[in-house]
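Everything on this sheet refers to the single structure shown next.
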RNA sequence: GCCGAGGUGGUGAAACGGUAUACACGCAGCCCUCAGAAGGCUGUGAGCGCAAGCUCGUGGAGGUUCAAAUCCUCUCCUCGGCACCA
């Protein structure tokens, strides 16, 4: 018995595959295309177990489909812009660009150690001007179509760092960097008008593409379309979805930020209202969200309820949000729980509504979704291609001047203004219109812009004339399967759909959804069952595991753990078990006989059954049961004295997507020796990964005899071995079943009222 | 509170309405060994029994069906998302 030592074979084959360019895809051939995509990694520095999990899935599918004769594209790139790079760079005193490029190199090497069949000639890096030029181009197109605009938006604001923070950079209501309490502030910023696409982004039933239901429901809820009326109460406009309850409206409530608050406040209420508003404004976002108790103050003004004809008071309260509807509501405490709480708290009247009111109003559709703020007062991102001129105002950078390159020499440490403002040579420029002195926009784009369309660019990454070649994209999109995380449901997965619909409007593409299928992968937790994190010290480092067990063991272990969406701990014993499985395969050649091809019916049946199982399971993305099928077959083969070349090769082929290195090594034992010249393959097709996928033959799948369970009153009492040729004959099967002594025992002395026979499965007697 | 996904052995998990627990981990016994490691064989849902076998069993309670982990109703729990959206 030889010991299986993965380090002796894995890097050897990785080098061989790379040098022979085994995984290049020819995009000009699109007859049988298969485009598999995994969400691109962030350039954090090291691949973690999550990357291994998701990229192994993509890799298994890519290899399987390639074997089936598909022209497969399995690309990858890097999400290389963003705050963590800046932060790490500030901490370590390295320039964000140098830090990022170093990480990308390292991560590419780590992808190699995983043995992925990634075609690295179809790639992108968000921080490469070749790529972000087209972010800028998209921005200009948005501007042209009226979909990009400068607007004021209530945002998370860190008063210490003087910057807007994305929601995900607010931790427990505090700035993730300095810990200062985040406040809500109106900030002037660039926005994309995603609201214009809200209706198109709503998922219909049945869905236009096979995306996960939680994503479809989540996105629809997030878009939050509701239809109602705008009603006018003496000049105060309110939005309601239940105009029929207007007769029960006993007061009005304005959001604290509502522009009419000042005008409506009576002199004697002025102090009360002002102190209430300043109290609310001083609260952090978190405090406002957490506190569900109703607070508010009377303005001193009254308005007329047009339906009841009564004067009703106008209040200010923070349970009404400025960001939704008109920022003012009519309160119907009889019909609405929140209004009722407020009415009780402040002793306001609650009167019954008839639900038959028909007030005059204007039809209005409201959305929970807000326009997408893309401005970041940060350095490490795509510069927004805008120039401010004293004479001409806001001037877009002309297309032919793109890309606006991010300057290298910048003081990117936070100092209360956008870092780009410190690059004075860069900021001061010429107005494209009047040629006079002008200044560049110093904000950069949200990195979610980068990832909203990268999968288009993989198809034509070097194109500097246009964003992509329409012909190639027409042929290769929509992609077949997109593997990603459920945490992107409301961010990336929505933005990328928005861009797709925008591209269609521009005439760049002809389809509505960019992925035919999306699946949400699970999470590998630490051995202690908690999310892996450095601070917990429960991180399982893939590099260490590679040294110990090899890449094939990790890949196989991750795929065998459970379904692709499993959330489960890493098990040190589990991976050891998989290593033992590979060790047994490593010794298969000991049983191999080349010139003895006699296979029994049993041998053939289990072989073809396994081919069928692995093939069908992979087609339905059930990696774990496919591997279980291979284990069963190996258990069978292990009991045999000798195994034939056909069995050996078929087994290796079926295993090869999961464990590409060991299968290549063992394959070469019988195939490779005389196909190599000077240490190079004469022809790449002699790699196991260029061999075609095994086919199963139905004639070996029909069992000679089958077990049929016999039930009496719903309980299994016996199991009969029935010959194939009498399985379809109900009377005969029934007769045999009734003769069984075990069955007799339960039927004796009683009469059979009913018999149900499911062919080849079960026969059921009711007595 | 609302929405979504789930609850099956000691553990990760299998199972077109048709013999629940495949496959693997762990554990136990035996073989091999000076010994250990590695490997091999056997057993492993619970209860009763020497055994054949019987009874119970997929969070809980009902229901539909010859037959339910699977379908229906109610309920409890876990995880994820959203959350004063008028």
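Residue numbers (the numbering used here): 1 to 767. Backbone N, C-alpha and C fix where the C-beta goes; we use that ideal spot for every residue, glycine too.
So residue i and residue j are supposed to be a Cβ contact under 8 Å. How far apart are they, rounded?
i	j	result
residue 653	residue 688	7 Å
residue 149	residue 479	About 31 Å separates the two Cβ atoms, so there is no contact after all.
residue 489	residue 218	5 Å
residue 364	residue 558	Contact flag wrong, Cβ pair sits at about 50 Å.
residue 295	residue 271	Actually they are not in contact, since the Cβ atoms of residue 295 and residue 271 sit about 16 Å apart, beyond 8 Å.
residue 303	residue 234	4 Å
residue 551	residue 10	6 Å
residue 394	residue 136	Going by Cβ atoms, the distance from residue 394 to residue 136 rounds to 15 Å, so no, they are not a contact pair.
residue 747	residue 733	Contact doesn't hold; Cβ gap of about 15 Å is too wide.
Check the DSSP bridge columns for residue i and list the partner residues they point to.
i	result
residue 187	153
residue 298	315
residue 763	710 and 757
residue 387	395 and 440
residue 720	708
residue 107	Answer is none; residue 107 lacks a bridge partner.
residue 42	79
residue 517	210
residue 524	568
residue 192	148 and 372
How many angstroms separate the CA atom of residue i from the CA atom of residue j?
i	j	result
residue 90	residue 542	27 Å
residue 462	residue 499	21 Å
residue 245	residue 329	12 Å
residue 124	residue 466	15 Å
residue 82	residue 665	41 Å
residue 299	residue 483	54 Å
residue 384	residue 507	24 Å
residue 78	residue 448	13 Å
residue 340	residue 327	19 Å
residue 336	residue 277	24 Å
residue 606	residue 120	38 Å
residue 530	residue 537	10 Å
residue 188	residue 377	11 Å
residue 616	residue 703	19 Å
residue 4	residue 379	49 Å
residue 618	residue 667	22 Å
residue 640	residue 24	40 Å
residue 624	residue 632	13 Å
residue 560	residue 199	41 Å
residue 590	residue 481	40 Å
residue 509	residue 584	51 Å
residue 694	residue 650	7 Å
Which residues in the same chain have their Cβ closer than 8 Å to the Cβ of residue i, if we skip the five residues on either side of it in sequence?
i	result
residue 180	158, 159, 160, 161 and 174
residue 212	486, 518, 519 and 520
residue 718	709, 710, 737, 740, 742 and 743
residue 475	27, 30 and 33
Quick one: residues in its chain with C-beta nearer than 7 Å to the C-beta of residue i, no 5 flanking neighbours on either side, listed in chain order?
i	result
residue 265	273, 299 and 300
residue 127	80, 81, 97 and 100
residue 700	604, 605 and 608
residue 239	228, 230, 325, 326, 364 and 366
residue 51	41
residue 118	23, 74, 75, 76 and 111
residue 21	none
residue 351	248, 250 and 334
Could you pull out every residue in the same chain whose Cβ sits closer than 6 Å to the Cβ of residue i, ignoring the five residues on either side in sequence?
i	result
residue 760	706 and 727
residue 39	484
residue 570	524, 527 and 540
residue 54	38, 483 and 521
residue 61	36
residue 133	402 and 403
residue 400	none
residue 186	152 and 154
residue 756	764
*Output the residue ranges of the alpha helix (DSSP H) runs that lie fully inside the region 430–510 and measure 4 residues or longer, sorted by chain position.*
With a minimum length of 4 residues, the continuous alpha helix (DSSP H) runs that stay inside the region 430–510 are 447–450, 454–457, 470–476 and 492–505.
_In chain order, what are the residue ranges of uninterrupted alpha helix (DSSP H) at least 4 long that sit wholly in the region 631–662?_
Those alpha helix (DSSP H) runs which fall completely within the region 631–662 and span 4+ residues are 645–655.
*asked:* So within the region 323–377, which uninterrupted beta strand (DSSP E) runs reach at least 3 residues, ignoring any that extend past its ends?
replied: The region 323–377 is shown to contain whole beta strand (DSSP E) runs of 3 or more residues at 328–331 and 362–366, in chain order.
*Which full runs of the beta strand (DSSP E) of 3+ residues lie inside the region 220–254, going along the chain?*
Restricted to the region 220–254, the beta strand (DSSP E) segments that are unbroken, complete and at least 3 residues in length are 226–233, 236–240 and 251–254, listed in chain order.
*asked:* So within the region 60–147, which uninterrupted alpha helix (DSSP H) runs reach at least 4 residues, ignoring any that extend past its ends?
replied: Entirely contained in the region 60–147, the alpha helix (DSSP H) runs reaching 4 residues are, in chain order, 83–92, 96–114 and 129–144.
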